[in-house]
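Visitor: A single structure is presented below for examination.
6 protein chains.
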Amino acid sequence: MPRPSGRRNDELRPLSITRHYTKHAEGSVLISLGDTRVVCTASVEEKVPPFLRNKKRGWVTAEYGMLPRATGERNNREAARGGQGGRTREIQRLIGRSMRAALDPAVLGERSIVLDCDVIQADGGTRTAAISGAYVALMDAVEWLLGQALIAENPVHSGLAAVSVGVFEGQVITDLDYAEDNRAATDMNVVMNDRGDLIEIQGTAEAAPFNRSALNRMLDHAQAGIEQILRAQQQALGGGAAA
Amino acid sequence: MPRPSGRRNDELRPLSITRHYTKHAEGSVLISLGDTRVVCTASVEEKVPPFLRNKKRGWVTAEYGMLPRATGERNNREAARGGQGGRTREIQRLIGRSMRAALDPAVLGERSIVLDCDVIQADGGTRTAAISGAYVALMDAVEWLLGQALIAENPVHSGLAAVSVGVFEGQVITDLDYAEDNRAATDMNVVMNDRGDLIEIQGTAEAAPFNRSALNRMLDHAQAGIEQILRAQQQALGGGAAA
Amino acid sequence: MPRPSGRRNDELRPLSITRHYTKHAEGSVLISLGDTRVVCTASVEEKVPPFLRNKKRGWVTAEYGMLPRATGERNNREAARGGQGGRTREIQRLIGRSMRAALDPAVLGERSIVLDCDVIQADGGTRTAAISGAYVALMDAVEWLLGQALIAENPVHSGLAAVSVGVFEGQVITDLDYAEDNRAATDMNVVMNDRGDLIEIQGTAEAAPFNRSALNRMLDHAQAGIEQILRAQQQALGGGAAA
Amino acid sequence: MPRPSGRRNDELRPLSITRHYTKHAEGSVLISLGDTRVVCTASVEEKVPPFLRNKKRGWVTAEYGMLPRATGERNNREAARGGQGGRTREIQRLIGRSMRAALDPAVLGERSIVLDCDVIQADGGTRTAAISGAYVALMDAVEWLLGQALIAENPVHSGLAAVSVGVFEGQVITDLDYAEDNRAATDMNVVMNDRGDLIEIQGTAEAAPFNRSALNRMLDHAQAGIEQILRAQQQALGGGAAA
Amino acid sequence: MPRPSGRRNDELRPLSITRHYTKHAEGSVLISLGDTRVVCTASVEEKVPPFLRNKKRGWVTAEYGMLPRATGERNNREAARGGQGGRTREIQRLIGRSMRAALDPAVLGERSIVLDCDVIQADGGTRTAAISGAYVALMDAVEWLLGQALIAENPVHSGLAAVSVGVFEGQVITDLDYAEDNRAATDMNVVMNDRGDLIEIQGTAEAAPFNRSALNRMLDHAQAGIEQILRAQQQALGGGAAA
Amino acid sequence: MPRPSGRRNDELRPLSITRHYTKHAEGSVLISLGDTRVVCTASVEEKVPPFLRNKKRGWVTAEYGMLPRATGERNNREAARGGQGGRTREIQRLIGRSMRAALDPAVLGERSIVLDCDVIQADGGTRTAAISGAYVALMDAVEWLLGQALIAENPVHSGLAAVSVGVFEGQVITDLDYAEDNRAATDMNVVMNDRGDLIEIQGTAEAAPFNRSALNRMLDHAQAGIEQILRAQQQALGGGAAA
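Residue numbers (the numbering used here), protein chains in the order written: chain A, 1 to 243; chain B, 1 to 243; chain C, 1 to 243; chain D, 1 to 243; chain E, 1 to 243; chain F, 1 to 243.
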């Protein structure tokens, strides 16, 4: 049963990672995964939220947005509607938690890094693309901090990438595009580090429950896809990141 | 290494499910899991959201709230702050998706069931307790609809329950209370149906990544815990639900 | 002309006051007045609003809420609607003013007590039940402050309770339930201290104006009802409260 | 003990009522009570709120506002703060209820009259001045409706006015200005119709509880003050209003 | 082609400026331009916004509002709608910028002057009337500051007034009223100082583009109108303002 | 006195216009003017706002946004702050008015075109770049409508472009970048059609008033700059746009 995209079941969409995409941010990355395109910027701020003040620990957080016409039908602009919706908040919380899992806040010191992930064009998998791209922007911001001698040591201790997997027409597939995602029985987002350990797993039975065996096959797919993305991140970063 | 609660690693907290807890709602349940107490009401409304109008399908959705002093320190009231926070929205989306996975919307017909899950007292595991309790309230609302002859057939096709599992001091444990949750390396919420299939799995590496082996042990714990909760739900429902 | 509830004109509904209803709050009370059930918690906070800073005086305030299905038809959740409505704000202002009338803020010292009154089930008279219940929660919070040696003297100088009265089918009645309230010509909420003095009186001609004579009869009823509630509060408190 | 204003205890401040104050509204009144000045407009709208549709009954409602510098210190503009505060909502609900008590909605027919009461300058008693002024604007709007032959009969069946009374330095006084209100032990707002019946009574023990005797003396004062205001309203209206 | 108002093309509506219109504000002006009436108050506040703290410079800002029935049809109250609309924000930004152009913030010192411009009755040209009136209120607040010896020197270095001009039925006209504004091809608001220099120019092709020649004729009209308004302001101020 | 950018006083920054920048929108353009980059999409919607229903006329509107780190310092995300700020609303109103001036709404028919202008990177002149880019997106959406046979005739009757001009160090300059804009005495945005007529002119004396002569020189600069941009738009559109 071929996928709508014609890809092999375990085949990622073409992936490209462009660093220094915009000029102001300490880290700025455009990640394209097929037709999904996300701008990820990392902004260093010399302050922390109130609950962390005077604790000698840093903070990493994320915000997520979508241009109104990133999608097939125009979505009302969240700023115009008066606030971020539930899906947006859920996604940005996921991105923030993932980034924090890759980094030692004590080494970062009492400052913040804000990752802004804005979807320019959506074709499925925006949240996992955002995580994979935000990680590269985070690395660039860390490099900037090291270059400015604001920190002496790299606080990022792990590689990190994410991918979506799912069950589509009875097959486990990797990196669902919108057409596939829309008809998938199950959809799962997986975040892993570069040691193959899990950081986040969020699986949802959209149309049909899934058993442990399907879960295991999805995780195998996820791990293989994430390994490819980790390599692409390292290639984009010049091979020298995160030890 | 004993748990702070003194429970065995796979031991649920005492669970009680009280039906008909309040008088107005078509379904009304108080679920207590240890010191976590959630009021779950199911309200039948003879309308559907705009995107479902004239499609002869029903809608099930959920809202979640917490009394300001359900917790150790008072949280500002969300209504007074001007809106629901990200955590609240994430949880209510999870509850709603889970409920929809247990029910055939075409059999429900063009009407809505709203599950309100309000935490009276919190001690960890409020979202999974809310799911397990909301399911019973949903069943009572369905019974009411059948009794009123508004529907001819039971739209609920599966049992459904949820539990939290996690890794604490290197051990996989079931049903974390607040003290355990606060210090757990990993926290995972699992929703399953009564055939042992997964509806949702949300695992987060709070303090340390987890490998596939830990994931599998957590899922074993989850499945065992959920089976107990499913039995408690059936007992509360008088043994004759769903199925 | 019998009341829908079958009660005598001056008869309160069955009243019960349960202290220590939830475990986290410094004061926590469930008050039931017939089918009206309100959870009242008192939270001690070691801070005051900006306008009271460095004035060596404390602050007592209240918030009021209702579970969405506390009523016959589901009300939209205020947190989801984006703010508290006019009725909610009016009620919580009334509760806060009443509590402040029972207490010396200088003796309380520079800290706050927040009374949260959340209606679990509504059947008329929620605001007066909230006041009567919140007073007991306030007393428990004060006892906790004394026990913690945070204050040396009891700042509460008066007993305090509230009841609703009204004119129904030409008769003055006490403690209107929803069915009575809905058809009453006049509705009046009265808050009194334990010396029989008035703290608040709010009377509204819902359907028909009322004259001074009706007002006086309503006040007689109110005073008799409040005396019973004051006794029930003292009994719940073990007989040793407030001087 | 003379009042700060030097008035007799039962003396109203100078009262003036200017009709046709602005040109667009169907009714438009400037009421001045001493230094308190409120613009009250009545707007006729040929629609009713959803809950009244197709019920052949009209609706009367009110909104209240204050220019930011109507007071001694500037208050932040409610529109800029993002919503109306609790005090504002409480007041506009009171004005609306009072107006509805003077009018038969079936005679008004399926249309609305919106009373906007905006305080240009505040010196105590703004809510009662707003009620007394809004009544005259309402009468002008009704006259306009009669003149347009949109209604055949006057739906207003009563006169209506309001005044504040209170206890100040142990004396019962009428029509408190800001300096008096600020130091009063008790503050009470009373709305009465032109038959001397009560429409609303809202008494608050600001600094000291009040007994039944004080309440009665305050009501005597209120009745005398309201009678004067009713006469001033009739004089402004040309002597021919509301039978 | 005569104007609907019957005025000559370059004729202003009757202009009156009433100082000390309300009693609390440091400056308080009612400006009437034909049927357009705006209350402009200037409030001195001994604080500055965060971005100016400790910079030894003052701040002047403005807010704009309209009573709901200032217009032919009632507009919903912005405070009730939950925020200020785009038009309001645009206007108040314009007023604030204009005021700041007339004053040296270093001479004002670290304090703020807030200009509140509230339209009591609208008949076109409210924003330019607001600017011309706010300037007089600003002058009165400055006089108050000098009188209180809070400042030693007048920080206002220029006169300032505004007028609207436009193209109507092919003619350039000054000071459009609502009937003219509604049918104008072009509408332009001009703010000038008392040396004839431009502070703001905002021209919009409402119905038809305009060429440079029309622009020049509009500016000639604006200059002539502004000179008249500047004289009226000086007359109101007693001839001794701003040198 | 050379400009910080080293450009001649009348020199535009390098301009590029990329059509079909994203795949979903009916018109999608990336406009780059130096380091200012704006994504402009045009979305066709088969509906109109309520005030235009059943009037056989279309509607064109615009929204404007900025990625949080489009600027040198991160701006808080408007969606997270709970609404669009005054500057945003002012800009999107300007863009919408400008677009409406280029098009006959009766020819468009009862449908809407929404222009979303999102700034990816800001370096001054974002609002004028947005207008120039949105015009090309509008043309592409019109071409799509013609291609779909939804309209029979091109409703766009004029070319349209915008540029900023200003006074910097005493010189009139064209197309200010951020460094120039920040230190300019005067800043003016000009929108013109392809016949050299003015659509909008908004000039602000940021630091110093400007006289008629400076205004005229700024307009000369604007006209020359706009002519270049109009040519670039036509080139991007293949030379065949707008009659």
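A virtual CB, placed ideally from N, CA and C, is assigned to each residue, including glycine.
Can you tell me where the beta strand (DSSP E) holding E/Ser132 begins and where it ends?
Guide: Position 132 of the fifth sequence, counted from the start, is the residue given in the question as residue 132 of chain E. Note, E/Ser132: premise wrong, no beta strand (DSSP E); alpha helix (DSSP H) at Thr126 to Gly147.
Visitor: By the DSSP assignment, the beta strand (DSSP E) with E/Leu115 in it spans what residues?
Guide: Position 115 of the fifth sequence, counting from 1, holds the residue named residue 115 of chain E. E/Leu115 -> beta strand (DSSP E) spans Ser112 to Gln121.
Visitor: Measure from the alpha carbon of C/Val44 to the alpha carbon of each residue in C/Pro50, C/Thr71 and C/Trp59, then state which is nearest.
Guide: Within the third sequence, the letter at position 44 stands for residue 44 of chain C. Among C/Pro50, C/Thr71 and C/Trp59, the Cα nearest to that of C/Val44 belongs to C/Trp59.
Visitor: Rounded to whole angstroms, what is the Cα-Cα separation between C/Glu73 and B/Lys47?
Guide: One-based indexing of the third sequence puts residue 73 of chain C at position 73. One-based indexing of the second sequence puts residue 47 of chain B at position 47. Each residue's alpha carbon lies about 13 Å from the other.
Visitor: Can you pull the chain C neighbours of D/Asn193, defined as C-beta to C-beta under 9 Å?
Guide: Residue numbering aside, residue 193 of chain D sits at position 193 when the fourth sequence is read from its first letter. Those are Ala205 and Pro209, listed as they occur along chain C.
Visitor: Are the region 224–234 of chain A and the region 16–27 of chain B touching, with three or more C-beta to C-beta distances below 8 Å?
Guide: No contact exists between the region 224–234 of chain A and the region 16–27 of chain B.
Visitor: Using beta carbons (cut-off 8 Å, strictly below), is B/Leu67 in contact with chain A?
Guide: Working through the second sequence from its first residue, we reach residue 67 of chain B at position 67. With 8 Å as the cut-off, B/Leu67 does not count as an interface residue toward chain A.
Visitor: Can you tell me whether DSSP reads C/Asp104 as helix, strand or coil?
Guide: Counting from 1 along the third sequence, the entry for residue 104 of chain C is found at position 104. The answer is coil: DSSP assigns C/Asp104 none of H, G, I, E or B.
Visitor: Would you report the Cα separation of B/Pro105 and E/Glu90, rounded to the nearest angstrom?
Guide: Sequence index remark: in the second sequence, residue 105 of chain B carries index 105 (1-based). Sequence index remark: in the fifth sequence, residue 90 of chain E carries index 90 (1-based). Their Cα atoms are separated by approximately 48 Å.
Visitor: Taking 8 Å as the threshold (beta carbon to beta carbon), is D/Ala101 in contact with chain G?
Guide: No chain G is present in this structure, whose protein chains are A, B, C, D, E and F.
Visitor: Do D/Ala62 and D/Leu103 have their beta-carbon atoms positioned less than 8 Å apart in this structure?
Guide: By 1-based counting over the fourth sequence, the position of residue 103 of chain D is 103. By 1-based counting over the fourth sequence, the position of residue 62 of chain D is 62. In this structure, D/Ala62 does not lie closer than 8 Å to D/Leu103 by Cβ.
Visitor: Taking CB distances under 8 Å as the criterion, tell me whether C/Gly240 reaches chain B.
Guide: Locating residue 240 of chain C in the third sequence gives position 240, counting from the first residue. Note that C/Gly240 has pLDDT 48, beneath the 50 cutoff, so the model's placement of it is unreliable and the number below is only indicative. No - not a single Cβ of chain B is within 8 Å of the one on C/Gly240.
Visitor: Please identify, using Cβ separations under 7 Å, the residues of the region 8–40 of chain E that lie next to chain D, in order along the chain.
Guide: Per Cβ criterion, the list reads Thr22, Lys23, His24, Ala25, Asp35 and Val39.
Visitor: Whose C-beta lies closer than 7 Å to the C-beta of E/Pro49 among residues of the same chain, with five residues either side of it excluded?
Guide: Residue numbering aside, residue 49 of chain E sits at position 49 when the fifth sequence is read from its first letter. Trp59, listed in sequence order.
Visitor: Quick one: Cα of E/Met218 to Cα of F/Arg231, how far?
Guide: On the fifth sequence, position 218 is the one that residue 218 of chain E refers to. On the sixth sequence, position 231 is the one that residue 231 of chain F refers to. The straight-line gap from Cα to Cα measures roughly 30 Å.
Visitor: Please confirm if A/Asp187 has its CB atom under 8 Å from at least one CB of chain B.
Guide: Numbered from 1 along the first sequence, position 187 holds the residue referred to as residue 187 of chain A. No, because no Cβ of chain B sits closer than 8 Å to the Cβ of A/Asp187.
Visitor: Starting from the Cα of D/Thr36, find the closest Cα among D/Arg57, D/Glu153, D/Val156 and D/Ala130 and give me that residue.
Guide: For the purposes of this step, residue 36 of chain D is identified with residue 36 of the fourth sequence, where counting begins at 1. Residue D/Ala130 is the option with its Cα nearest to D/Thr36.
Visitor: In three-state terms, what does DSSP make of A/Asn193?
Guide: As a working mapping, residue 193 of chain A is identified with position 193 in the first sequence. Looking at A/Asn193 - three-state DSSP - the assignment turns out to be strand.
Visitor: Near B/Asp204, what residues of its chain come up, given a Cβ to Cβ distance below 6 Å and the 5 sequence neighbours on each side ignored?
Guide: Position 204 of the second sequence, counted from the start, is the residue given in the question as residue 204 of chain B. The sequence shown places Thr at residue 204 of chain B, rather than the Asp named in the question. So the list reads Asp187, once near-sequence residues are dropped.
Visitor: Going by beta carbon distance, what residues of the same chain come within less than 6 Å of B/Asn75, once the five residues before and after it are set aside?
Guide: Taking the first residue of the second sequence as 1, we reach residue 75 of chain B at position 75. Pro68.
Visitor: Let me know if D/Leu160 comes out buried or exposed under the rule of 16 or more other beta-carbons within 10 Å of its beta-carbon.
Guide: Taking the fourth sequence and counting its residues from 1, one reaches residue 160 of chain D at position 160. Burial call: buried.
Visitor: How would you label F/Asn193, buried or exposed, when you count the other beta carbons within 10 angstroms and need 16 or more for buried?
Guide: Position 193 of the sixth sequence, counting from 1, holds the residue named residue 193 of chain F. Answer is buried; the Cβ neighbour count reaches 16.
Visitor: Short of 6 Å in beta carbon distance, which residues of its chain neighbour C/Gly133, apart from the five on each side in sequence? Order them along the chain.
Guide: Position 133 of the third sequence, counted from the start, is the residue given in the question as residue 133 of chain C. If we look at C/Gly133 and ignore the five residues flanking it on each side, its Cβ neighbours are Val29, Ile31, Val38 and Cys40.
Visitor: Name the chain F residues that come within less than 8 Å of E/Ile120, Cβ to Cβ?
Guide: Locating residue 120 of chain E in the fifth sequence gives position 120, where the first residue counts as 1. The contacting residues do not exist; E/Ile120 stays about 23 Å from chain F at best.
Visitor: The alpha helix (DSSP H) with F/Pro178 in it runs from where to where?
Guide: The sequence position of residue 178 of chain F within the sixth sequence is 178, counting from 1. Contrary to the premise, residue 178 of chain F reads as Tyr rather than Pro in this sequence. Tyr178 to Arg183 is the extent of the alpha helix (DSSP H) around F/Tyr178.
Visitor: Is there contact here, the region 197–213 of chain C with the region 198–216 of chain D, by at least three beta-carbon pairs under 8 Å?
Guide: They touch, by the three-pair rule.
Visitor: Please list the partners that D/Ser43 has in chain E, where partner means a Cβ-to-Cβ separation under 9 Å.
Guide: Position 43 of the fourth sequence, counted from the start, is the residue given in the question as residue 43 of chain D. Neighbours of D/Ser43 on chain E, chain order: Pro68, Arg69, Glu73 and Arg74.
Visitor: Check whether the region 164–181 of chain C and the region 116–126 of chain C are in contact - that is, three or more C-beta pairs closer than 8 Å.
Guide: They touch, by the three-pair rule.
Visitor: Please go through the same chain and pick out, in chain order, the residues whose beta-carbon is closer than 6 Å to the beta-carbon of C/Glu11, but skip the five residues on each side of it.
Guide: Position 11 of the third sequence holds residue 11 of chain C. Excluding positions up to five away in sequence, the list is empty.
Visitor: Please state whether DSSP places B/Glu11 in a helix, a strand or coil.
Guide: As a first step, residue 11 of chain B must be located in the second sequence, where it is residue number 11. Three-state result, B/Glu11: coil.
Visitor: Would a check of beta-carbon distances place E/Glu46 closer than 8 Å to chain D?
Guide: Counting from 1 along the fifth sequence, the entry for residue 46 of chain E is found at position 46. Taking Cβ atoms only, chain D never reaches closer than 8 Å to E/Glu46, which makes this a no.
Visitor: Is the CB of C/Ile226 under 8 Å away from at least one CB in chain B?
Guide: Sequence index remark: in the third sequence, residue 226 of chain C carries index 226 (1-based). False, the Cβ-Cβ gap to chain B never drops below 8 Å.
Visitor: What is the DSSP secondary structure of B/Ser98, counted as helix, strand or coil?
Guide: Start at 1 with the first residue of the second sequence, and residue 98 of chain B comes out as number 98. Helix, per DSSP.
Visitor: Quick one: what's A/Met66 bridged to in DSSP?
Guide: In the first sequence, residue 66 of chain A corresponds to position 66, counting from 1. Per DSSP, A/Val119.
Visitor: In whole angstroms, give me the CA-to-CA distance for B/Arg3 and B/Ser98.
Guide: On the second sequence, residue 3 of chain B is found 3 positions in, with the first residue counted as 1. On the second sequence, residue 98 of chain B is found 98 positions in, with the first residue counted as 1. Straight-line Cα distance between these residues: approximately 29 Å.
Visitor: Note down the Cα distance separating F/Gly240 from F/Lys56, rounded to an integer number of angstroms.
Guide: Counting from one through the sixth sequence, the residue named residue 240 of chain F turns up at place 240. Counting from one through the sixth sequence, the residue named residue 56 of chain F turns up at place 56. Confidence at F/Gly240 is low in this model, with a pLDDT of 48, below 50, so the placement of that residue should be treated as unreliable; the coordinate-derived value is given next. Whole-angstrom Cα-Cα distance: 28 Å.
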